[in-house]
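S.K.:
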Amino acid sequence: MLYQRSSSLFKEAEKVIPGGVNSPVRAFGAVGGTPIFAKSAKGAYVHDEDGNIYIDYINSWGPMILGHAFEPVVNAVIEKAKQGTSFGMPTAIETEIAQLATSMVPNIDKIRFVNSGTEACMSAVRLARGYTKKDKIIKFAGCYHGHSDSFLIAAGSGAITFGTPNSPGVTQGTAKDTLLATYNDIANVKALMEANKGEIACIIIEPVAGNMGCIPPKDDFLKKLRDLCDEHNVLLIFDEVMTGFRLAPGGAQELYNVDADIVCFGKVIGGGLPVGAFAARNDIMDYLAPNGPVYQAGTLSGNPLAMAAGLAMLQHLNKDGTVFKRLAEKTEYLHQGIEKALQANSIDHTINRMGSMISIHFEAHEVVDFDTAARANNERFKRFFHGMLKEGVYIAPSAFETWFISDALTYYDLDATIKAVDKVSKDL
Ligand code: PLP
25 MLYQRSSSLF
35 KEAEKVIPGG
45 VNSPVRAFGA
55 VGGTPIFAKS
65 AKGAYVHDED
75 GNIYIDYINS
85 WGPMILGHAF
95 EPVVNAVIEK
105 AKQGTSFGMP
115 TAIETEIAQL
125 ATSMVPNIDK
135 IRFVNSGTEA
145 CMSAVRLARG
155 YTKKDKIIKF
165 AGCYHGHSDS
175 FLIAAGSGAI
185 TFGTPNSPGV
195 TQGTAKDTLL
205 ATYNDIANVK
215 ALMEANKGEI
225 ACIIIEPVAG
235 NMGCIPPKDD
245 FLKKLRDLCD
255 EHNVLLIFDE
265 VMTGFRLAPG
275 GAQELYNVDA
285 DIVCFGKVIG
295 GGLPVGAFAA
305 RNDIMDYLAP
315 NGPVYQAGTL
325 SGNPLAMAAG
335 LAMLQHLNKD
345 GTVFKRLAEK
355 TEYLHQGIEK
365 ALQANSIDHT
375 INRMGSMISI
385 HFEAHEVVDF
395 DTAARANNER
405 FKRFFHGMLK
415 EGVYIAPSAF
425 ETWFISDALT
435 YYDLDATIKA
445 VDKVSKDL
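In my numbering, the protein residues as written are 25 to 452.
What follows is the structure, given as structure tokens:
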């Protein structure tokens, strides 16, 4: 593979964009090397600026569940654009997508559209605080809910401790209201609840974690969280930015049969355009402006192009009764093939999978939370990443990311990927 043009584009970008990228992970900081500049993509493949072609397992970090440049989505955007790109006035299509989304997802009556997953989670937490009139929130170490201040908190030293900010610019004042818990450890959450009785507004969680690799909830963890929240009068927020409209039509709530109080969306719901959303039952959503006192707004929220892309995507997912099953089957096939290849080459690993989310940790033991994920062999991951890239397979440039399977991937692509894993594993 030649990366000449990507290299020179990166050099130019670095002069005018911090780190040459508009979102840090794109810079290849965790794996080294020069980021690849995308030129176009269709179906399961991404084409870079040097003319290389890759089987894509990032899929824009999740949104392209049906593959790139999916025609109904592209056509919907083109048709909408001809009628004007933004009005700052309500449009019929916003109600149409809201009706469809609330019909697909259990337990939500109303939905508010924003422009990113970050905004969705930030607004959901503000709503939870306003509704419960309490300040503190619990988040889980290793879960990512976007880059708003309350979420950029790293683990403290003890189990029952205030978090410390992990980015300059996040104040101690903000950090003290974010409590950190351990994923899949209900005793730990219970202890935090007891130690902060009457002060916690909400627990926010990725119901299947995807930001420390893929880590599914274990042993009825979500049900137990629900019970704990009911006991302590705390709202449960499912951050379904990754899992929403990916694991099932109704996301993780449907898959695990657990009701959240507020649900956050992003990625798939925008069909590849910048969209986020948060949703809940009427009494909570009516606490939001203009009906209620909690303020939230956006000049481009509900943008017609974004709504057209999202609506076309959801319509297709809603209509195709077998898409989620097919995605899970493809992911299972990939899992089995990769497992065999890594075993044959005696590479220590753990593969976690749920629906169309899958990840490999180069770690022999079970990976259930941030600490066990962080134990994995990161140097080996770097070699794996660059080896796969050379074989024409594009996975996320970080050991802490999930692979996203798209329905555009054929079994031919999956076999090619498994073959690449086998080849690359020989030099790991
Ligand atoms: N929540 C989760 C679970 C995510 O994975 C992400 C982004 O990857 C976000 C929130 C933030 O979404 P955005 O990047 O659209 O702001």
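Quick reminder that beta carbons are idealized off the backbone N, C-alpha and C, glycines included.
How big is the Cα-Cα spacing for L203 and S172?
M.R.: L203 and S172: Cα-Cα distance of roughly 15 Å.
S.K.: To the nearest angstrom, report how far apart L33 and F61 are at their CA atoms.
M.R.: Those two C-alpha atoms are separated by around 8 Å.
S.K.: With respect to the beta strand (DSSP E) encompassing F394, which residues constitute its N-terminal and C-terminal limits?
M.R.: F394 -> not in any beta strand (DSSP E); alpha helix (DSSP H) instead, spanning 394-398.
S.K.: Indicate whether the contact test is met: 3 or more Cβ pairs, each with one atom in the segment 287-307 and one in the segment 45-64, closer than 8 Å.
M.R.: Contact between the segment 287-307 and the segment 45-64 is absent, because fewer than three Cβ pairs lie under 8 Å.
S.K.: So which residues touch the region around the ligand PLP, with touch meaning a C-beta under 6 Å from any heavy atom?
M.R.: Ordered along the chain, the selected set is W85, S140, G141, T142, C145, Y168, H169, G170, E230, G234, N235, D263, V265, M266, G290, G300.
S.K.: Rounded to whole angstroms, what's the CA-CA distance from D283 to F394? Just pull it up for me.
M.R.: Whole-angstrom Cα-Cα distance: 25 Å.
S.K.: So, using beta-carbon positions, are I293 and G334 closer together than 8 Å?
M.R.: Going by C-beta atoms, I293 is nearer than 8 Å to G334.
S.K.: Does the Cβ of G44 have 16 or more other Cβ atoms within 10 Å, making it buried, or fewer, making it exposed?
M.R.: It counts as buried.
S.K.: With V138 as the anchor, note down where its beta strand (DSSP E) starts and where it stops.
M.R.: Looking at the DSSP string, the run of the beta strand (DSSP E) that includes V138 is 134-138.
S.K.: Can you look up G182 in the DSSP assignment and give me helix, strand or coil?
M.R.: Note that G182 scores 30 on pLDDT, short of 50, meaning its location in the model is unreliable; the coordinates nonetheless yield the value given after this. In the structure shown, G182 sits in coil (DSSP, three-state: anything other than H, G, I, E or B).
S.K.: Could you tell me if P314 is buried or exposed, where buried requires 16 or more neighbouring beta carbons within 10 angstroms of its beta carbon?
M.R.: With fewer than 16 other Cβ atoms within 10 Å, it is exposed.
S.K.: Looking at the unbroken alpha helix (DSSP H) that takes in A215, where does it start and where does it end?
M.R.: First-last of the alpha helix (DSSP H) with A215: 210-219.
S.K.: Between S430, G416, L438, which has its C-alpha nearest L26's C-alpha?
M.R.: The candidate whose alpha carbon is nearest that of L26 is G416.
S.K.: F262 lies in the beta strand (DSSP E); which residues open and close that run?
M.R.: Looking at the DSSP string, the run of the beta strand (DSSP E) that includes F262 is 259-263.
S.K.: Only counting the same chain, and skipping five residues up and downstream in sequence, which positions put a Cβ closer than 6 Å to that of M331?
M.R.: Cβ within range, chain order: I117, E118, I121.
S.K.: Distance, Cα to Cα, M309 vs I77?
M.R.: Rounded to the nearest angstrom, the two C-alpha atoms are 45 Å apart.
S.K.: One question on the structure: do A263 and I239 come within less than 8 Å of each other, judged by their Cβ atoms?
M.R.: The sequence shown places Asp at residue 263, rather than the Ala named in the question. Not a contact, by the Cβ cut-off of 8 Å.
S.K.: When you compare the CB positions of M128 and V232, do they come within less than 8 Å of one another, or not?
M.R.: Not a contact, by the Cβ cut-off of 8 Å.
S.K.: Quickly, what does DSSP pair W427 with across the bridge? List them, please.
M.R.: DSSP, once it has assigned bridges, lists I382 as partnering W427.
S.K.: For the segment 207-220 against the segment 152-168, are there 3 or more C-beta pairs whose distance is under 8 Å?
M.R.: Cβ pair count under 8 Å is three or more, so yes.
S.K.: Under a three-way DSSP split, which group does R377 fall into?
M.R.: In this structure, R377 counts as strand in the three-state DSSP scheme.
S.K.: Evaluate contact between the segment 426-441 and the segment 389-404, counting only Cβ atoms and requiring at least three cross-stretch pairs below 8 Å.
M.R.: Too few Cβ pairs lie closer than 8 Å, so no.
S.K.: Helix, strand or coil: how does DSSP classify F302 here?
M.R.: Looking at F302 - three-state DSSP - the assignment turns out to be strand.
S.K.: Please list, in chain order, all residues of the same chain as N369 whose beta carbon is under 8 Å from its beta carbon, the five residues on each side excluded.
M.R.: Excluding residues within five positions, the ones whose Cβ falls inside 8 Å are D446, S449, K450, L452.
S.K.: By DSSP, does A205 sit in helix, in strand, or in coil?
M.R.: Here A205 sits in strand by DSSP.
S.K.: Would you call the CB atoms of I161 and A225 closer than 8 Å?
M.R.: Yes.
S.K.: Measure the C-alpha to C-alpha separation of M337 and A219 and round it to an integer number of angstroms.
M.R.: Roughly 44 Å between the two C-alpha positions.
S.K.: Using a Cβ distance threshold of 8 Å, determine whether the segment 261-276 contacts the segment 337-356, with at least three qualifying pairs required.
M.R.: Yes, since at least three Cβ pairs between the segment 261-276 and the segment 337-356 fall closer than 8 Å, the two stretches touch.
S.K.: Going by alpha carbons, who is nearest to D133 out of H256, A211, A303, P42?
M.R.: Measuring from the Cα of D133, the nearest candidate turns out to be A303.
S.K.: Compare the beta carbon distance of Q277 and L124 with 8 Å and say whether it is the shorter of the two.
M.R.: Going by C-beta atoms, Q277 is not nearer than 8 Å to L124.
S.K.: Look at A400 and H410 and say whether their C-beta atoms are less than 8 Å apart.
M.R.: No, they are not a contact pair.
S.K.: Go to D80, then tell me how far its beta strand (DSSP E) extends in each direction, as first and last residue.
M.R.: That run of the beta strand (DSSP E) goes 77-80.
S.K.: I think K214 touches L259, with their Cβ atoms under 8 Å apart; what is that distance to the nearest whole Å?
M.R.: The Cβ separation is near 17 Å, so there is no contact.
S.K.: Take V392 as the anchor and find which of H359, N327, G234, N99 has the nearest alpha-carbon.
M.R.: If we check each option's Cα against that of V392, G234 comes out closest.
S.K.: Evaluate P114 with the Cβ neighbour count: other Cβ atoms within 10 Å of its Cβ, from every protein chain shown; 16 or more gives buried, anything less gives exposed.
M.R.: The residue in question, P114, is exposed, as its Cβ has fewer than 16 Cβ neighbours within 10 Å.
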